[in-house]
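Have a look at the structure below, then the notes.
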Amino acid sequence: MNLPAWLANETAVLIIAVCLVMLIVPAVAIAVLKKKVAQQPKMMSDGELKAKLEKINLDLDSPESK
Numbered sequence: 006m007n008l009p010a011w012l013a014n015e016t017a018v019l020i021i022a023v024c025l026v027m028l029i030v031p032a033v034a035i036a037v038l039k040k041k042v043a044q045q046p047k048m049m050s051d052g053e054l055k056a057k058l059e060k061i062n063l064d065l066d067s068p069e070s071k
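First residue of the sequence shown? That's 6 in this note's numbering, and the numbers climb one at a time after it.
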């Protein structure tokens, strides 16, 4: 089997392989991080947070919680 000159040169193949890895690994890492960020719950606004805290406080003050 006749290989092209650049493919027969082990150093060239090694350099190309390293370059491909250096391109692919960060791309995969960025994709994984973006997916993780997308799965995190979104921040509540101040109004929503206050409403939830008031509801919790009212639930604790209700007679059936005692």
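From the three backbone atoms N, C-alpha and C, an ideal C-beta is built for every residue, glycine too. Quick caveat: nothing in here was measured; it's all calculated off a predicted structure.
For Lys47, no alpha helix (DSSP H) encloses it, and the DSSP letter there is neither H nor E.
Cβ neighbours of Leu12 within its own chain (closer than 6 Å, five residues either side excluded): none. Judged by DSSP in its simplified three-state form, Asn7 adopts coil rather than helix or strand.
Secondary structure of Asn62 (DSSP, three-state): helix. With contacts defined as CB atoms closer than 9 Å, Met48 and Lys57 fail to qualify as a contacting pair.
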